[in-house]
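Worksheet: one structure, shown below.
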Amino acid sequence: MAHIELTEGLPGIRALFAFRPETAKPLCELAEILLHTPGTLSMADRELIATYVSSRNDCYYCQTSHGALAAYHLNGDEALVQDVKHDPETAAVSDKLRALLAIAGKVQHSGLDVRAEDVERARGLGASEREVHDTVLIAAAFCMYNRYVDGLATWAPSDPAAYRERAAQVGANGYLGIPAAVAAKARS
Amino acid sequence: MVYRPETAKPLNELADILLRGPSTLSPGERELIATYVSSRNECFFCQTVHGAVAAHHLDGNEQLVLDVKRDVEGAGVSDKLKTLLAIAGKVQRGGKHVLPEDIERARKQGATDLEIHDTVLIAAAFCMYNRYVDGLATWAPNDPEAYRQQGARLAQEGYGASTAAQRIPNGAH
């Protein structure tokens, strides 16, 4: 049971968006810019970073929903998502993404863990300043989303099909429509 | 923030709503929660800036800010705020550390669902801001007076005004 009274049937962060629409807006805007706005890192790469950090924070809802989004952008390759969660060093991703995932892993523990050599490694493999910036901010933001979702003990569905279904929606339409969708559901 | 104005907008808006928006928790109490979490994350810039904003809201009581950072139980704050700071401290370690008894204790001291929600989200948000600031090794001034001035300005004008602000990414990654 959640720590506060939330709308039943809304999973994870969606129940919190319905509870507090004022904060839902900037939280969804941030996710949209970081994960769904066109950039030099593919949407799949960015969702993999979000999934990896959420997995290290042991947040079931976030790692499953963003893992499903990563798989959506990877033509359904759920095995690759599992491989990245298991060990980015051996997963079949580009060397650049591997270096960015290493930075994200450090940020997950603490911002102070990121060393100049971690950034140099990523730069040496072609990562731009903007890509390093966005990797750090995605990792930092998921240290927030994960704590928000678990700190209030929200409900997470166990059926993988439910995550695939929502991932197809968000993967196609982005994050900005979520606050209105959950508000409509909370009213019904 | 200056480097990436697109993300600065929602980041500042979130801080404004959580720390300065309408709430039954005072701005001083909310800035103390932000300062406490930033201190536990060892983020020098955030704990010093938000500590200065808290002190500004608390009529310049910098000692109380230091007391909260050092030992919440012994600090001269309300019992309700002590239970909310305890929840914030657990969120800082990880969301799953928050237990039903922590929530129960806060409720017994009069905390509402919205106050508990906002405490968790402030603590979670500062786990983001702290990692963002330190993960890119940004430069932070040493002079306490610079923070007092910035604290007063943020307390009066809010975080939306700080988008084009003072921080120089000197020596940053």
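Chains A and B, in that order, give the protein sequences.
Reading the first sequence from the start, the letters are residues 1 to 188 in our numbering.
Reading the second sequence from the start, the letters are residues 1001 to 1173 in our numbering.
For every residue, glycine included, the Cβ atom is placed at its ideal position computed from N, Cα and C.
Annotation: Cβ neighbours of B:L1011 in chain A (cutoff 8 Å, chain order): P26 and L30. DSSP places B:C1127 within a helical segment (H, G or I) once states are collapsed to three. Rounded to the nearest whole angstrom, the C-alpha separation of A:W155 and B:G1060 is 42 Å.
Residue range P1005 to R1020 is occupied by the alpha helix (DSSP H) that includes B:N1012. No residue range can be given for A:P11, since it is assigned to no alpha helix (DSSP H) and is classified by DSSP as neither H nor E.
At the C-beta level, A:L100 and B:D1134 stay beyond 8 Å of one another. Residue contact with chain A for B:D1143: absent (no Cβ-Cβ distance below 8 Å to any residue of chain A).
Taking the Cα of B:F1126 as reference, the smallest distance to any Cα among B:T1007, B:Y1003 and B:A1088 is reached at B:A1088. Nearest C-alpha to A:R98 among A:H109, A:V119, A:D150 and A:I33: A:V119. Nearest CB-CB separation between B:N1130 and chain A: below the 8 Å threshold. Among the CB atoms of chain B, one or more fall inside 8 Å of the CB of A:D58. Using a Cβ-Cβ cut-off of 8 Å, B:P1027 does not count as an interface residue toward chain A, since no Cβ of chain A sits closer than that to its own. When DSSP states are grouped into helix, strand and coil, A:S55 belongs to the helix group. For A:E131, the enclosing alpha helix (DSSP H) covers residues E129 to G151.
The alpha-carbon separation between B:L1084 and B:E1104 amounts to approximately 11 Å. The C-beta of B:Y1003 comes closer than 8 Å to at least one C-beta of chain A.
Nearest in C-alpha terms to B:Q1047, of all of B:A1055, B:H1057, B:H1056 and B:Y1036, is B:Y1036. Under the three-state reduction of DSSP output, A:E89 falls in the coil class, being neither helix nor strand.
Between the beta-carbon of A:M43 and that of A:L35 there is about 7 Å, and that keeps the pair under the 8 Å contact cut.
When secondary structure is reduced to three states using DSSP, A:N173 falls in the helix class. Here the stretch 1049-1059 of chain B makes no contact with the stretch 1004-1013 of chain B; the two share fewer than three CB pairs at distances below 8 Å. In the DSSP assignment, A:T23 falls within the alpha helix (DSSP H) that extends over P21 to A31.
The C-beta of B:L1032 has 16 or more other C-beta atoms within 10 Å across all chains shown, which makes the residue buried. For the stretch 136-167 of chain A, the set of positions with a beta-carbon nearer than 9 Å to some beta-carbon of chain B reads V136, L137, A139, A140, A141, F142, C143, M144, Y145, N146, R147, Y148, V149, D150, G151, L152 and A153 in chain order. Close to chain B, meaning a Cβ-Cβ distance shorter than 8 Å, are the following residues of the stretch 55-88 of chain A: N57, D58 and C59. Look at the beta carbons and you see the stretch 113-133 of chain A not touching the stretch 56-64 of chain A: under three pairs across the two are nearer than 8 Å.
In chain B, no part has a C-beta under 7 Å from the C-beta of A:G12; the shortest such distance is about 11 Å. Residues of the stretch 1043-1077 of chain B with a C-beta less than 8 Å from any C-beta of chain A: C1043, listed in chain order.
Taking 8 Å as the cut-off, the beta carbon of A:G151 is found closer than this to the beta carbon of B:V1098. Apart from the 5 residues on each side of it in sequence, B:A1123 sits with its Cβ closer than 7 Å to the Cβ of I1033, V1037, A1088, V1091 and Q1092 in its chain, given in chain order. DSSP places A:P179 within a helical segment (H, G or I) once states are collapsed to three.
Pairwise C-beta distances place the stretch 132-145 of chain A out of contact with the stretch 1145-1155 of chain B, as fewer than three of them are shorter than 8 Å. Contact note: A:V114 reaches chain B through D1134, G1135, L1136, A1137 and H1173, using a C-beta cutoff of 8 Å and chain order. At a cut-off of 8 Å, the C-beta of B:D1113 has a neighbouring C-beta in chain A. Each residue's CA atom was taken as its position, placing B:G1074 and B:L1064 some 10 Å apart.
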